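Undergrad: Protein chains in written order, with the working numbering: chain Z, 26 to 387; chain S, 26 to 387.
Supplied in structure tokens, the structure appears directly below.
Structure follows, in structure tokens:
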């Protein structure tokens with residue numbers, strides 16, 4: 026008889042009543058209609074996430090639930106489902122494997138949740154999306170271990186729900202790559218001299234390949250042929266790069282009420298992202314030196330004034346404009362990959378999703 | 026072009042020259058002959074571990090290498106190989122899938138290494154087996170992320186090396202269970218009132234099922250039929266329980282030079298294990314109270330004198346004897362499962378391994 030040690034029994038109630046803030050809900054800046062098309066499927070993903078993380082160890086259930094409830098946009102599940110539907114729309118007399126798509130979508134979100142939990146421990150983040158992080162509430166130890174649980178559970182879910190190994194390969198490989206990207210990001214933190222290629226390598230590994238993997242998996246399950254799967258994979262890849270660059274811009278320019286994190290959070294963690302790299306490349310030696318001091322103040326912690334000054338300098342040197350342009354170019358490349366598919370509600374949603382990702386007011 | 030950021034380039038040399046302290050080497054207390062039988066195969070596991078963790082992110086490679094070099098006994102790979110060979114010895118005209126067995130053995134060790142790395146972060150352990158832990162050398166952040174890398178890599182290795190999903194299922198399921206066991210252990214830390222069943226649940230999840238999974242996987246790859254696979258799984262399960270109880274005894278009675286960790290390390294982490302549970306059940310109320318004070322000294326940290334006094338009390342109350350008896354019973358149950366197999370060098374090695382695990386001077 027397994028021992029259940031619930032930390033906070035009331036979480037169970039919350040979990041059951043959970044209405045997640047997906048991209049379909051109207052409390053985000055996204056148009057309600059953006060993913061309304063797949064709202065029913067996204068709700069099945071939610072139900073699956075809850076069912077799969079109902080561990081008989083109470084604390085595991087509670088911490089998983091805490092992270093599930095933290096208001097994720099469910100971008101990865103949405104990509105998997107939309108790509109599956111886009112591919113399937115090409116096929117006649119194809120039996121759409123909804124359950125396998127939902128399982129893959131849920132597994133993708135579990136991997137994402139696990140990496141967020143470990144990131145929050147690594148970054149000592151008190152909040153995410155305006156809610157306390159799991160590590161802040163439950164402590165680092167249990168959060169690390171529950172992250173491991175979710176990583177393993179995602180693979181277990183896939184291995185028990187699929188008859189071929191391909192999906193397991195794709196998801197385990199992207200997880201390997203993501204961990205490498207996170208390590209690389211950690212190693213180069215606070216280094217203002219990193220070349221553009223290293224930044225590109227980090228976002229490629231920590232974001233782009235994962236989104237590409239979600240799209241490829243969806244496509245495969247939707248019956249795509251090799252060329253179609255490659256196109257949707259490429260869509261996800263470009264979208265992932267655009268998404269991460271846009272996310273990096275929000276660290277300087279976002280509305281904390283919408284993003285749920287304070288301005289300059291990445292900057293304080295020593296993350297040198299595209300706007301800053303562009304600005305540093307444009308700066309004269311005096312400006313570079315003043316940026317350097319602001320970024321590693323002799324007193325220790327960066328102040329809000331430091332962040333405001335760095336932001337103003339990047340603005341003046343065109344760093345935000347340049348980064349936004351790169352993100353938009355990536356979006357256009359993503360959308361181009363969709364052209365091989367005839368217009369369909371799901372294909373169009375992928376296009377709108379790509380444009381939404383780089384919208385300045387998201 | 027991936028960016029490589031080696032933290033310590035000299036690690037690479039060490040890795041290449043690595044001679045691990047497996048159960049075959051003579052610098053452990055085990056008989057040299059114990060696993061000499063499969064020394065060649067264990068060397069292939071070592072080579073595979075090095076090859077698979079040769080990440081192009083330098084830090085990932087170095088930290089994986091650091092943990093690889095920390096002198097593990099390779100118990101899990103040995104179990105997988107010995108069970109595969111024991112099962113295969115039953116078959117005529119069976120083509121032994123050595124490469125798949127080596128891959129599964131390496132994957133098992135990678136999962137084990139990943140959990141050790143995360144454990145060391147959770148326990149803030151400065152040393153393991155007499156060497157500084159990865160977290161002590163490289164810091165918690167990169168160690169957590171490299172643990173994730175190893176977890177994902179183990180699944181990726183299996184998914185790319187095997188044509189059926191069963192091995193992935195077994196290993197992802199045991200990893201789920203292990204994480205749950207670790208969380209449970211963390212939740213009940215410092216609680217002297219935990220029932221025996223909860224202790225059993227923890228060691229079942231964190232150790233026994235993993236060893237059972239290694240044996241079952243080996244058996245399956247060795248061509249075992251369902252009954253044979255179940256017997257070897259049961260062997261691993263009983264062995265795992267015996268092994269963990271023996272390990273818990275070593276925290277009180279081991280030779281730190283052999284175990285590589287100070288006496289009372291688990292005790293300081295608040296782990297209430299079988300000898301103490303037995304002692305608490307036997308103690309009168311005064312002794313219980315004095316144990317309570319020693320275990321949570323008003324000053325904060327437990328001293329060596331506290332540990333010596335607790336050890337003496339457990340000794341007096343027969344806690345070690347009782348725990349040793351349980352471990353030996355488990356060993357006998359493990360060995361009993363081997364009876365269905367005719368005598369063979371590999372079967373005999375499994376039997377010796379079971380006896381070695383509970384030997385007091387290991």
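C-beta: ideal position from N, C-alpha, C; glycine also.
Treat the numbers as computed from the prediction; the structure is a model and nothing was measured.
(1) Grab the span of the alpha helix (DSSP H) containing residue 121 of chain S for me, first residue to last.
(2) Judging by CA-CA distance, which residue of Z/269, Z/157, Z/116 is the nearest neighbour of residue 300 of chain Z?
(3) CB residue 288 of chain Z to CB residue 295 of chain Z, shorter than 8 Å?
(4) Taking 8 Å as the threshold (beta carbon to beta carbon), is residue 180 of chain Z in contact with chain S?
(5) Classify residue 99 of chain Z as helix, strand or coil using the three-state DSSP reduction.
(6) What does the alpha-carbon distance come out to for the pair residue 32 of chain S and residue 83 of chain S?
(7) What does residue 294 of chain S touch in chain Z if you count any residue whose Cβ is under 9 Å from its own?
(8) Quick one: residues in its chain with C-beta nearer than 6 Å to the C-beta of residue 210 of chain S, no 5 flanking neighbours on either side, listed in chain order?
(9) Please state the DSSP three-state secondary structure of residue 116 of chain Z.
(10) Looking only at its chain, what residues have a beta carbon closer than 7 Å to the beta carbon of residue 192 of chain S, apart from the 5 residues adjacent to it on each side?
(11) Put residue 55 of chain Z into one of helix, strand or coil per three-state DSSP.
(12) Alpha carbon to alpha carbon, how far is residue 337 of chain Z from residue 53 of chain Z? Give it in angstroms, no decimals.
(13) Bridge partners for residue 157 of chain S per DSSP, in chain order?
(14) Spell out whether any CB of chain S is found under 8 Å from the CB atom of residue 211 of chain Z.
(15) Let me make sure I understand the geometry here. Which of S/340, S/353, S/297, S/306 has the alpha-carbon closest to that of residue 321 of chain S?
(16) Can you list, in chain order, the residues of its chain whose CB lies under 8 Å from that of residue 77 of chain Z, leaving out five sequence neighbours each side?
(17) How about residue 270 of chain S: is its C-beta nearer than 8 Å to some C-beta of chain Z?
(18) Have a look at residue 231 of chain S and residue 112 of chain Z and give me their C-alpha separation to the nearest angstrom.
(19) So which residues on chain Z does residue 376 of chain S lean against when the C-beta distance must stay under 9 Å?
(20) Starting from residue 205 of chain Z, find everything on chain S with Cβ-Cβ shorter than 8 Å and list it in chain order.
(21) If I'm right that residue 439 of chain S touches residue 201 of chain Z with Cβ under 8 Å, what's the distance once you round it to whole angstroms?
(22) So, residue 388 of chain Z versus residue 197 of chain Z, is the Cβ gap smaller than 8 Å?
(23) Taking the C-alpha atoms as reference points, what is the distance between residue 120 of chain S and residue 247 of chain Z?
(24) For residue 282 of chain Z, does the count of other Cβ atoms within 10 angstroms reach 16, so buried, or fall short, so exposed?
(25) Taking only beta-carbon positions, decide if residue 228 of chain S is within less than 8 Å of chain Z.
(26) Using three-state DSSP, classify residue 83 of chain S as helix, strand or coil.
(27) Does residue 201 of chain Z get closer than 8 Å to chain S when you measure Cβ to Cβ?
(28) Say whether the region 324 to 336 of chain S touches the region 355 to 368 of chain S, bearing in mind that this needs 3 or more beta-carbon pairs closer than 8 Å, one atom from each stretch.
(29) Leaving out the 5 sequence neighbours to the left and right, which residues in its chain are closer than 8 Å to residue 307 of chain S when beta-carbon positions are compared?
(30) Three-state secondary structure (DSSP) at residue 70 of chain S?
(31) Fully enclosed by the region 284 to 340 of chain S, which alpha helix (DSSP H) runs are 4 residues long or longer?
(32) What's the gap between the Cα of residue 171 of chain S and the Cα of residue 314 of chain S?
(33) Span of the alpha helix (DSSP H) holding residue 242 of chain S?
(34) When the distance is taken between beta carbons, is residue 244 of chain S closer than 8 Å to residue 109 of chain S?
(35) Taking Cβ positions, are residue 60 of chain Z and residue 103 of chain Z nearer each other than 8 Å?
TA: According to the structure shown:
(1) Here residue 121 of chain S corresponds to residue number 96 of the second chain, with the count starting at 1. No alpha helix (DSSP H) contains residue 121 of chain S, which DSSP labels as neither H nor E.
(2) Counting from 1 along the first chain, the entry for residue 300 of chain Z is found at position 275. Minimum Cα distance to residue 300 of chain Z is reached at Z/269.
(3) Your numbering for residue 288 of chain Z matches position 263 in the first chain. Your numbering for residue 295 of chain Z matches position 270 in the first chain. Against a cut-off of 8 Å, the Cβ pair of residue 295 of chain Z and residue 288 of chain Z comes out as no contact.
(4) Against the first chain, residue 180 of chain Z aligns to sequence position 155. So yes, residue 180 of chain Z belongs to the interface.
(5) Locating residue 99 of chain Z in the first chain gives position 74, where the first residue counts as 1. Of the three classes helix, strand and coil, the one that applies to residue 99 of chain Z here is coil, per DSSP.
(6) To locate residue 32 of chain S, count along the second chain from 1; it is residue 7. To locate residue 83 of chain S, count along the second chain from 1; it is residue 58. Residue placement at residue 32 of chain S is flagged as unreliable, the pLDDT there being 37, under the threshold of 50; a coordinate-derived value is accordingly withheld.
(7) As a first step, residue 294 of chain S must be located in the second chain, where it is residue number 269. Per Cβ cutoff of 9 Å: no residues; residue 294 of chain S is ~10 Å from chain Z at best.
(8) On the second chain, residue 210 of chain S is found 185 positions in, with the first residue counted as 1. Cβ within range, chain order: 227.
(9) As a first step, residue 116 of chain Z must be located in the first chain, where it is residue number 91. Reduced to three states, the DSSP call for residue 116 of chain Z is coil.
(10) Sequence index remark: in the second chain, residue 192 of chain S carries index 167 (1-based). Excluding residues within five positions, the ones whose Cβ falls inside 7 Å are 129, 183, 242.
(11) In the first chain, the residue the question calls residue 55 of chain Z occupies position 30. Residue placement at residue 55 of chain Z cannot be trusted, given a pLDDT of 47 that sits under 50; what the coordinates show is reported in the next sentence. Reduced to three states, the DSSP call for residue 55 of chain Z is coil.
(12) For the purposes of this step, residue 53 of chain Z is taken as the residue at position 28 of the first chain. For the purposes of this step, residue 337 of chain Z is taken as the residue at position 312 of the first chain. Annotation note: pLDDT 39 at residue 53 of chain Z (below 50); position unreliable, no value reported.
(13) Within the second chain, residue 157 of chain S is the residue found at index 132, counting from 1. According to DSSP, which records beta bridges pairwise, residue 157 of chain S is partnered with S/152.
(14) For the purposes of this step, residue 211 of chain Z is taken as the residue at position 186 of the first chain. So, interface residue.
(15) Here residue 321 of chain S corresponds to residue number 296 of the second chain, with the count starting at 1. Selected option, being the one with the closest Cα: S/297.
(16) Against the first chain, residue 77 of chain Z aligns to sequence position 52. Correct list, in chain order: 131, 135, 178, 182.
(17) Locating residue 270 of chain S in the second chain gives position 245, counting from the first residue. Residue 270 of chain S does not count as touching chain Z.
(18) For this step, residue 231 of chain S is matched to residue 206 along the second chain. For this step, residue 112 of chain Z is matched to residue 87 along the first chain. Spanning the two alpha carbons is a distance of roughly 42 Å.
(19) Reading the second chain from its first residue, position 351 is the one you call residue 376 of chain S. Those within 9 Å of residue 376 of chain S in chain Z number zero; the least Cβ separation is about 31 Å.
(20) The count along the first chain starts at 1 and reaches residue 205 of chain Z at position 180. Simply 80, 81, 82, 85, 174.
(21) Not covered by the structure: residue 439 of chain S. The range shown for chain S is 26 to 387.
(22) Only positions 26 to 387 of chain Z appear in this structure, which leaves residue 388 of chain Z out of reach.
(23) If you number the second chain from 1, residue 120 of chain S lands on position 95. If you number the first chain from 1, residue 247 of chain Z lands on position 222. Going by the C-alpha atoms only, they are around 37 Å apart.
(24) Along the first chain, one-based indexing puts residue 282 of chain Z at 257. So residue 282 of chain Z ends up on the exposed side.
(25) Numbered from its first residue, the second chain carries residue 228 of chain S at position 203. It does not; no Cβ of chain Z falls within 8 Å.
(26) What you label residue 83 of chain S is simply residue 58 of the second chain in a count that begins at 1. Residue state, collapsed to three classes: helix.
(27) By one-based count along the first chain, residue 201 of chain Z stands at place 176. With 8 Å as the cut-off, residue 201 of chain Z counts as an interface residue toward chain S.
(28) no
(29) Numbered from 1 along the second chain, position 282 holds the residue referred to as residue 307 of chain S. Only 342, 343, 344 meet the Cβ criterion.
(30) Within the second chain, residue 70 of chain S is the residue found at index 45, counting from 1. Three-state result, residue 70 of chain S: helix.
(31) 290 to 293, 299 to 307, 310 to 320
(32) Looking up residue 171 of chain S in the second chain gives position 146. Looking up residue 314 of chain S in the second chain gives position 289. Rounded to whole angstroms, residue 171 of chain S to residue 314 of chain S spans 43 Å at the Cα level.
(33) Residue 242 of chain S sits at position 217 when you count from the first residue of the second chain. 234 to 246 is the extent of the alpha helix (DSSP H) around residue 242 of chain S.
(34) Taking the first residue of the second chain as 1, we reach residue 109 of chain S at position 84. Taking the first residue of the second chain as 1, we reach residue 244 of chain S at position 219. Cβ atoms of residue 109 of chain S and residue 244 of chain S: closer than 8 Å.
(35) Within the first chain, numbered from 1, the residue matching residue 60 of chain Z stands at position 35. Within the first chain, numbered from 1, the residue matching residue 103 of chain Z stands at position 78. Cβ distance < 8 Å, so residue 60 of chain Z and residue 103 of chain Z count as in contact.
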